[in-house]
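Inspection log for the structure reproduced underneath, given as structure tokens.
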Amino acid sequence: MLPTVILPGFLEAAIAYRPLEQLLQQLGFPTVTVPLQRQDWFPTLGGRPMTPILLRLHRTVEQVLRQYNTAKVNLIGHSAGGWISRIYLGEKPYLVRNAAIAAIPPWEAYRFVATLVTLGTPHISQERWTRWNLDFVNNNYPGAFYSSQVRYVCVAGKSIFGQRQRGSWLAYSSYRLTCGQGNCWGDGITPIAAAHLEGAENLVLEGVKHSPKAPGIWYGSPQVVPSWMSFLV
């Protein structure tokens with residue numbers, strides 16, 4: 001089984017993914033989480049480039065490739081980590097808001113990623129700050145762009161229906177910011193409609209919530225992981 005790298009979601013630290021990391025290790029997948037702390041995300045606030053996160057991701061993948069003497073890894077991106085991983089796969093200089101200063105050389109990571117699993121990733125957004133980055137991703141690498149080299153698996157949770165009432169207002173607001181419609185199903189943060197990609201293997205998991213810190217089950221819970229783990233190689 002290939003080693004696996006986990007990229008945390010926006011403003012999340014690696015420690016939140018330790019139980020998932022340990023579970024995958026027990027199931028036979030050597031697993032490493034990109035060693036991020038919450039403050040590592042601060043330079044990316046306000047729609048700024050994800051360059052600091054991409055650099056940490058690349059260093060981690062390089063380390064894993066050397067450590068396990070392998071040519072490929074599996075990559076798991078939770079929430080924003082999923083679309084950041086799609087930038088990482090790419091072969092074009094990373095430009096945000098057409099600012100040359102934001103350009104970084106492409107890593108062409110599609111060459112050494114066997115499977116990309118995105119968990120609750122908002123692959124589209126109506127939010128003005130996020131759109132600068134997501135427009136780059138979707139204009140340059142639409143859908144499962146590297147599907148001839150990389151297996152794309154996009155996992156959505158179906159646990160909360162967004163409504164303008166107590167208990168589901170956050171979901172309604174988040175869904176509306178993401179896909180333009182609040183009255184729909186999702187994981188409490190990401191609507192199902194935004195979590196899937198054309199050309200990917202798209203899953204919907206009942207009762208699954210977005211965050212590792214949410215009450216109940218999330219994508220990395222022991223009873224949920226087998227639903228998508230079989231796609232890893």
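1 is the number of the first residue of the sequence shown in this note's numbering; add one for each residue after it.
Built from N, CA and C at the ideal position, the CB exists for glycine as well.
Here the structure is a predicted model, which means the values were calculated and not measured.
Query: In chain order, what residues of the same chain have a beta carbon less than 6 Å from the beta carbon of ALA100, not counting five sequence neighbours either side?; Result: Its pLDDT being 47, under 50, ALA100 is placed unreliably in this model, and the coordinates cannot settle the point.
Query: Are the stretch 122 to 130 and the stretch 30 to 44 in contact at 8 Å, needing three or more beta carbon pairs?; Result: no
Query: Could you give the first and the last residue of the continuous alpha helix (DSSP H) run that contains LEU23?; Result: 18 to 26
Query: Three-state secondary structure (DSSP) at TRP41?; Result: helix
Query: Comparing alpha-carbon positions, which option in PRO122, VAL150, ASN69 and SER79 lies nearest GLU108?; Result: VAL150
Query: If you drop the 5 nearest sequence neighbours on each side, which residues of the same chain put their C-beta closer than 6 Å to that of THR31?; Result: THR4, GLU21, LEU24 and GLN25
Query: Could you give the first and the last residue of the continuous beta strand (DSSP E) run that contains TYR152?; Result: 151 to 158
Query: In three-state DSSP terms, what is TRP185?; Result: strand
Query: Over the uninterrupted alpha helix (DSSP H) stretch that includes LEU36, give me the two end residues.; Result: It is not in any alpha helix (DSSP H) - LEU36 carries neither H nor E in the DSSP assignment.
Query: Would you mind working out which of GLN223, LYS158, GLY162 and GLN37 sits nearest LEU57, comparing C-alpha positions?; Result: GLN37
Query: For VAL113, tell me which candidate among ARG164, ASN74, LEU232 and ILE192 has the shortest Cα-Cα distance.; Result: ASN74
Query: In this structure, does DSSP put ASN74 in helix, strand or coil?; Result: strand
Query: So what does DSSP say about ALA194, is it helix, strand or coil?; Result: helix
Query: Could you tell me how far apart the beta carbons of GLU201 and TYR152 are, in whole angstroms, since I believe they sit closer than 8 Å?; Result: 7 Å
Query: Taking Cβ positions, are LEU203 and SER230 nearer each other than 8 Å?; Result: no
Query: Going by the beta-carbon positions, is the gap between ASN148 and GLY199 smaller than 8 Å?; Result: At residue 148 the sequence reads Ser, which differs from the Asn that was named. No, these two residues do not count as a Cβ contact at 8 Å.
Query: With distances taken between CB atoms, is the gap from SER159 to ASP135 smaller than 8 Å?; Result: no
Query: Which term fits MET240, buried or exposed, when burial requires 16 or more other beta carbons within 10 angstroms of its beta carbon?; Result: This structure cannot speak to residue 240, because the chain is shown only from 1 to 233.
Query: Grab me the residues of GLY182's own chain with a C-beta within less than 6 Å of its C-beta, minus the 5 sequence neighbours each way, in chain order.; Result: GLY162, TYR172, TYR175 and ARG176
Query: Within 8 Å of any Cβ in chain B, is that where the Cβ of TYR141 sits?; Result: Protein chain content of the structure displayed is limited to a single chain, and chain B is not contained in it.
Query: Closest to TRP185 by C-alpha separation, out of ILE87, GLU206 and SER85, would be which residue?; Result: GLU206
Query: So LEU7 and ILE84 are supposed to be a Cβ contact under 8 Å. How far apart are they, rounded?; Result: 6 Å
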